[in-house]
Amino acid sequence: MTRPRADERADMAGHPPADDELLANIVQQYPEWEITRNSSGLVANHRHEERDVRRERAGIRTTVHAPDENQLERDLFVQRALRGDGAQL
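Residue numbers for the sequence shown follow full-length UniProt numbering, so the first one is 1 and each next one is one higher.
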């Protein structure tokens, strides 16, 4: 059985295809965030909000760093809840 080329590229980049599927789900679930990979994991930048020090003191971030997809999903869930955007379990 041959593997799709996308799976091979994902393995060579250091993250298995399952992670890419989870990341695609997170991107779809949180369209207000621009999510990219970097050398330490993942970075999500809010597309519409500017950094505000007062809001950051309350835990509301415009940039979220996470080592993996699972942590990023949890952090973005919290950010949505802090903003009152209807985070639901």
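Just so you know, even glycine gets a beta-carbon here, dropped at the ideal spot from N, CA and C.
- Per the C-alpha coordinates, the member of SER39, HIS65 and SER40 positioned closest to HIS46 is HIS65.
- It is roughly 15 Å from the alpha-carbon of LEU22 to the alpha-carbon of VAL43.
- Comparing alpha-carbon positions, the option among LEU76, GLU69, ALA24 and THR63 lying closest to GLY41 turns out to be GLU69.
- Sixteen is the threshold: when 16 or more other Cβ atoms of the shown chains lie within 10 Å of the Cβ of GLN79, as they do, the residue is buried.
- With respect to the 8 Å criterion, HIS48 and GLU34 are not classified as neighbours on the basis of their beta carbons.
- Residues GLY41 of the same chain have their beta carbon placed closer than 6 Å to that of PRO67, with the five preceding and five following residues left out of the count.
- If you compare the alpha carbons of ARG54, GLY59 and GLU73 with that of VAL27, the shortest gap goes to GLU73.
- Across the structure, LEU82 and ASN38 are spaced so that their CA atoms are roughly 25 Å apart.
- Rounded to the nearest angstrom, the Cβ distance from GLU50 to THR36 is 19 Å, too far for a contact under 8 Å.
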